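To start, the structure under review is shown below, and the notes come after it.
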Amino acid sequence: MCKRRNYQIDVYRVLLMYGICLLHAITQGGHNTPYLANMFEWCVPGFVFISGWFGVKFSLMKIIRLYLTSLYCAVTYFVLIYTLDGTWCSGNGWMAIFDMCKGQWFLNAYVAMMFLVPMANVIVSPPRGGGDMCKTFLKIGVPLLVLSFGWSFATTLPIIRHCIPTTGGLQAYSFLTLFGVYVTARFARCFFDTDEHLRRVMIDRKMLISIIIISLFAGAIGLGDYNSPFALLLSGAAFLYFLCLRLTRRLQMVCVWAAPSMFSVYLMHAHGNAWVILKSIEEHFLNIGIPLWGAYVLTALTIFVGCIALDIPRRFALSLLKNWHVHE
């Protein structure tokens, strides 16, 4: 594959994060529409599929930077609350900040996944031949997918969940689910790079659109949780669709600028303390006569843009620090 930056993926990342904001507007705004919410849950594994496709190297400094970003987001959130209503937060303010940092399930699961990434990168490496990779996938990929998506997904099904113990399997909020997505993306990348015929099949637009539609329908009827095979299929199909999509230069540049803030957008709004603000924003739009679906869209947009704005000082400080090191 070409080594140049793929700007379409920056656009895809921005849309994924807006999808997560929209998911939370639907589920946490006080007016939940379950079938609609289920159609957006795949956006979470969608981010991990990107990591798996391009690969992640284990780095202690990267882990520290992730948690420092979480600390910045927590402090920024509580400073915002203090500015709005004059209260630091309920109870011990600093303890609340600490609880918010350690309570981010996706951050903790992603960091736990990073400890397994070196092993995955070695096992799922460019093969000597297509047959070798197929055997590796059957021996390692399939059992991992069954472990990370099979049991926990089965516990969500209407009848089967009453027949198997729910405590035996790992549920959706698990590093193993994220690791299953990562490894699947690594296998997909290897097949994509080494098999020209399979590559053409993988980027066939009609097939990708069919998978997306079927998976969205499966999600709508309740089969779209983070640990759902349909969420995995949808995250992969949507990624491949955007990988080869032609987009306007202006849209690309806007999303390239916004993309570095996407993790902060997630950390700043996806926690119990922020749901109060989200609910008040959604109620405001409903009270001025906006229909419910419009309130979802506008609430998500408000949260999305607001969190990017709050993340700009962090990015500016990092830019100054980087320039200082360059000129040192």
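If you count the sequence shown from 1, position 253 lands on 252 in numbering that gives the first Met the number 0, and the numbers rise without skipping. For glycine and all other residues, C-beta sits at the position ideal for the given N, C-alpha and C. Please read all numbers here as calculations on a predicted model, not as lab measurements.
- Assignment of Leu-244 by DSSP, reduced to helix, strand and coil, places it in the coil class.
- Under the three-state reduction of DSSP, Asp-131 is assigned to helix.
- Of the residues Cys-42, Gly-102, Tyr-11, the one whose Cα lies closest to the Cα of Leu-215 is Cys-42.
- Closest option to Ser-234, judged by alpha-carbon separation, among Ile-212, Arg-248, Gly-221, Phe-174: Ile-212.
- When the five nearest sequence neighbours on each side are left out, the beta carbons in the same chain lying within less than 8 angstroms of the beta carbon of Glu-281 are those of Ala-24, Gly-28, Gly-29, His-30, Ala-294, Tyr-295, Thr-298, in order along the chain.
- Contact between Ile-307 and Val-264 holds, with the beta-carbon distance rounding to 6 angstroms and staying under 8 angstroms.
- Counting along the chain, Met-38 sits inside no alpha helix (DSSP H), nor does DSSP assign it H or E at all.
- Taking a cut-off of 8 angstroms for Cβ pairs, the stretch 5-23 and the stretch 186-197 do not touch, as fewer than three such pairs fall below it.
- Spanning the alpha carbons of Leu-285 and Lys-138 requires a straight line of approximately 53 angstroms.
- With a cutoff of 9 angstroms on beta-carbon distance, Leu-207 and Tyr-172 are scored as not near each other.
- Distance from the CA of Pro-228 to the CA of Leu-83, rounded to the nearest whole angstrom, comes to 42 angstroms.
- Scanning its chain for C-beta atoms nearer than 7 angstroms, with the 5 sequence neighbours on each side dropped, one finds around Ala-36 the residues Leu-22, Ile-25, Thr-26, in chain order.
- Counting only the Cα atoms, Tyr-34 lies some 6 angstroms from Ile-220.
- With fewer than 16 neighbouring CB atoms inside 10 Å of its own CB, Phe-114 falls in the exposed class.
- DSSP, reduced to helix, strand and coil, places Lys-138 within a helical segment of the structure shown.
- Judged by DSSP in its simplified three-state form, Ile-212 adopts helix.
- If you look at Asp-224, you'll find it isn't in any alpha helix (DSSP H); DSSP assigns it neither H nor E.
- Your pair Cys-100 and Ser-69 checks out as a contact, with CB atoms roughly 5 angstroms apart and the cut at 8 angstroms.
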